[in-house]
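What follows is a short report on a single structure.
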Amino acid sequence: MSRRQQRGYQQTGSWRLNLVRLSFILIGLGLLWRLVDIQVLNPDFLRNQGDARHLRNVPIVAHRGMILDRHGEPLAISTPVHSVWLNPQATDPEHPQLTNLASILGIDARNVRERIYQNPNREFLYLKRRVTPEISEQVKQLNIGGVALQREYKRYYPTGEVAAHVVGFTNVDDIGQEGLELTYEPLLTGVPGLRRMVRDSKGNFVGGGDPIRAAKAGENIQLSIDLRLQYLSYNALKNAVEKHGAQSGSAVILDVQTGEVLAMVNQPAFNPNNRYGVSSTDLRNRAVTDLFEPGSTVKPFTVVSGLKSGKFDLTTMINTHPGTMRVSGHNIRDFRDYGIIDLATSIQKSSNVAASKIALEIEPMQLWEDFASFGMGVDSGAYFPGEAMGRLPDPRSWRTLDRATLAYGYGLATNTLQLARAYTIIGNGGIMRDVTFIKQDKTPKGRRVFSKDLMETVRGMMELVVLPGGTAQRAAVPNYSVAAKTGTVKKAMAGGYTESEYLSLFAGLIPASNPRLAMVVVIDNPTGEEYYGGAVAAPVFADVMVGAMRLLNIAPDALPQTQLQVAHQ
Numbered sequence: 001m002s003r004r005q006q007r008g009y010q011q012t013g014s015w016r017l018n019l020v021r022l023s024f025i026l027i028g029l030g031l032l033w034r035l036v037d038i039q040v041l042n043p044d045f046l047r048n049q050g051d052a053r054h055l056r057n058v059p060i061v062a063h064r065g066m067i068l069d070r071h072g073e074p075l076a077i078s079t080p081v082h083s084v085w086l087n088p089q090a091t092d093p094e095h096p097q098l099t100n101l102a103s104i105l106g107i108d109a110r111n112v113r114e115r116i117y118q119n120p121n122r123e124f125l126y127l128k129r130r131v132t133p134e135i136s137e138q139v140k141q142l143n144i145g146g147v148a149l150q151r152e153y154k155r156y157y158p159t160g161e162v163a164a165h166v167v168g169f170t171n172v173d174d175i176g177q178e179g180l181e182l183t184y185e186p187l188l189t190g191v192p193g194l195r196r197m198v199r200d201s202k203g204n205f206v207g208g209g210d211p212i213r214a215a216k217a218g219e220n221i222q223l224s225i226d227l228r229l230q231y232l233s234y235n236a237l238k239n240a241v242e243k244h245g246a247q248s249g250s251a252v253i254l255d256v257q258t259g260e261v262l263a264m265v266n267q268p269a270f271n272p273n274n275r276y277g278v279s280s281t282d283l284r285n286r287a288v289t290d291l292f293e294p295g296s297t298v299k300p301f302t303v304v305s306g307l308k309s310g311k312f313d314l315t316t317m318i319n320t321h322p323g324t325m326r327v328s329g330h331n332i333r334d335f336r337d338y339g340i341i342d343l344a345t346s347i348q349k350s351s352n353v354a355a356s357k358i359a360l361e362i363e364p365m366q367l368w369e370d371f372a373s374f375g376m377g378v379d380s381g382a383y384f385p386g387e388a389m390g391r392l393p394d395p396r397s398w399r400t401l402d403r404a405t406l407a408y409g410y411g412l413a414t415n416t417l418q419l420a421r422a423y424t425i426i427g428n429g430g431i432m433r434d435v436t437f438i439k440q441d442k443t444p445k446g447r448r449v450f451s452k453d454l455m456e457t458v459r460g461m462m463e464l465v466v467l468p469g470g471t472a473q474r475a476a477v478p479n480y481s482v483a484a485k486t487g488t489v490k491k492a493m494a495g496g497y498t499e500s501e502y503l504s505l506f507a508g509l510i511p512a513s514n515p516r517l518a519m520v521v522v523i524d525n526p527t528g529e530e531y532y533g534g535a536v537a538a539p540v541f542a543d544v545m546v547g548a549m550r551l552l553n554i555a556p557d558a559l560p561q562t563q564l565q566v567a568h569q
């Protein structure tokens, strides 16, 4: 190689070397600039990137409001529990402890692994909702990366079956599904809060976090229900249904003056704390969802309409001989021939013939208006989920037979709650008030539908029902007067009525002289030898009211004469 060529090669090599040097200098300057930019000029970038990977806005579950009885006893409360979840991005599907985790939670380990593989882009999957404290502690001890606990609330019902149909229940997300849990969902549900928390490399949240928005607890609801009367009613109804082999039953107690529901029970019942295997029919609140023909329990309404029309009075005599009458080719029968009787005796003996003869003397529209004034054909105003609207046919479509059978409770439909509301009108002197499940501090305003004198007159007739010779002697409560009416209704079937299935009914007011409570009892299809309302449903009333009078400290109004004399001395 010549010198000239060597010089050219050296110049070329030097140029290349300088170019490499310059490149490294530029790269260094670039890195230095980037470092200055990140650390000095724009320090939030990496912080934001880190936060995006390790900071999360975590919702804070709001405490659901309690449901209390009228005395403050809890009927539904929320207790803190944990739910187990995992982050598929941070959980190793082949982690050796996953099998133990699945075993603790009672789930399939293969299913857990499949969910992790199938959801690689998700950050949150529930494994088990609302586990016991013992289980949550075992999960903690496994210390599996990506598996964590989340604080939630579980609804608990201290009274179990006793108030289940009234209170209802919530689902796994604590949202009301039935009963008053559903009715008052907007009030009971709180507003969730929000907290910013740091998550470690295993996906677990660490530290208390920074509050962003405080959680607002739901409101407490104080019901009109008196848990003491609820227990009495539940036990008495359950015993009656079992004793008579009945298909089902329901009972309602209302405060006569306020329209408050003091007790509402059904059989069969269910345990809201454990609904596994419970049928949909057991969940149904029959006292509001099931309509039935009220039978002879509406005969006082017929007598009210007769007296109001002016065509009948206390001295009017009705000939029921020979115990039957024929209307439009159909026979209407009494239990036996009662002969010539007055209005009071027609209620005491529960005469179908007398009731029909009264109704046939009244204009159809007037009879309809009087029954409607007792709340027949409309809901109770309680806004309870699933309440069935009553049925009272249009009088313009009535035939003569329709009017005659309406008089003793066939051809219309009501439910237990609506019938109890109708009896409060007799008890309070003719005032119609909506039913309520919320405790009232004062007597709500109502609408007068009948005169006070008329209601007192009919109530006096109804007292004969529980006295010797009446159809409900088993409803008598020692030292208290009772105004009542029984009913025994044949159940409807395709093409008519069955001769082997009945509804046994009882409706009563106590004390009759100044009613405080109205109670209706319905026993569906008793299968024993007894099926009359006076034998099956009336004893439930007596069993409950003996305890209720004592618990509510209601003064006796029918003490034996010797006791009265001692009391006045």
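Residue numbering for the sequence shown is 1 to 569, as defined by full-length UniProt numbering.
Cβ atoms here follow ideal geometry from the backbone N, Cα and C, with glycine treated the same way.
Remember, predicted model here, so these are calculated numbers, not experimental data.
Where residue 398 sits in the DSSP three-state scheme:
coil
Residue span of the beta strand (DSSP E) that contains residue 500, given as start and end:
496-510
Tell me, please, which residues DSSP counts as bridged to residue 222.
68
Excluding the 5 residues preceding and the 5 following residue 481 in the sequence, name in chain order all residues of the same chain whose CB lies nearer than 7 angstroms to its CB.
463, 511, 512, 513, 557, 558
Tell me, please, whether the stretch 167-179 touches the stretch 286-304 by the rule of three or more beta-carbon pairs shorter than 8 angstroms.
no
For residue 51, which residues in the same chain have their Cβ closer than 7 angstroms to its Cβ, ignoring the five residues on either side in sequence?
Confidence in residue 51 is poor, its pLDDT being 48 and thus under 50, which makes the residue's placement too unreliable to answer from.
Starting from residue 366, trace the alpha helix (DSSP H) both ways and give me its first and last residue.
364-373
Per DSSP, which residues does residue 327 bridge with? Please list them.
330
Along the chain, where does the alpha helix (DSSP H) containing residue 543 start, and where does it finish?
538-551
Proximity to residue 572 [Cα-Cα], best of 373, 212, 91, 138
Within the shown structure, residues of the chain are numbered from 1 to 569, placing residue 572 beyond reach of any answer.
Residue 506, buried or exposed, once every other Cβ within 10 Å from all chains shown has been counted against 16
buried
Rounded to the nearest angstrom, what separates residue 138 and residue 82 at their Cα positions?
12 angstroms
Outcome for residue 364 when other beta-carbon atoms lying within 10 angstroms are tallied against a minimum of 16:
buried
Please list the segments of the alpha helix (DSSP H) lying wholly inside the stretch 110-165, counting only runs of 4 or more residues, in order along the chain.
133-142
Continuous alpha helix (DSSP H) stretch holding residue 235: start and end:
227-243
Would a check of beta-carbon distances place residue 459 closer than 8 angstroms to chain B?
Of the protein chains in the structure, only one exists, and it is not chain B.
May I have the straight-line CA-CA distance separating residue 567 from residue 537, to the nearest angstrom?
Because the pLDDT of residue 567 is 43, which lies under 50, any placement of that residue in the model is unreliable, and the number read from its coordinates should be weighed accordingly. Going from the Cα of residue 567 to the Cα of residue 537 covers about 34 angstroms.
What's the call for residue 264, buried or exposed, on a 16-neighbour Cβ count within 10 Å?
buried
For residue 123, which residues from the same chain have a beta carbon less than 7 angstroms from its beta carbon, with the 5 sequence-adjacent residues on both sides left out?
87, 89
Looking only at its own chain, which residues have a Cβ that is under 6 angstroms from the Cβ of residue 102, when we skip the five neighbours before and after it?
109, 112
Check the C-beta distance from residue 127 over to residue 140 and give it rounded, since I have them as a contact under 8 angstroms.
With a Cβ gap of about 14 angstroms, residue 127 and residue 140 do not count as contacting.
Within 10 angstroms of the Cβ of residue 258, are there 16 or more other Cβ atoms? Answer buried if so, exposed if not.
buried
For residue 519 and residue 333, the rounded distance between their alpha carbons
28 angstroms
Where residue 428 sits in the DSSP three-state scheme:
helix
Taking a contact to mean a Cβ-Cβ separation below 8 angstroms, would you say residue 252 touches residue 216 in this structure?
no
Out of 226, 465, 527, state which residue places its alpha-carbon closest to the alpha-carbon of residue 71.
226
Suppose the cutoff is 7 angstroms on Cβ atoms and the five residues either side in sequence are ignored; what does the same chain contact list for residue 372 look like?
392
Please name the residue in 340, 399, 420 whose C-alpha comes closest to that of residue 411.
399
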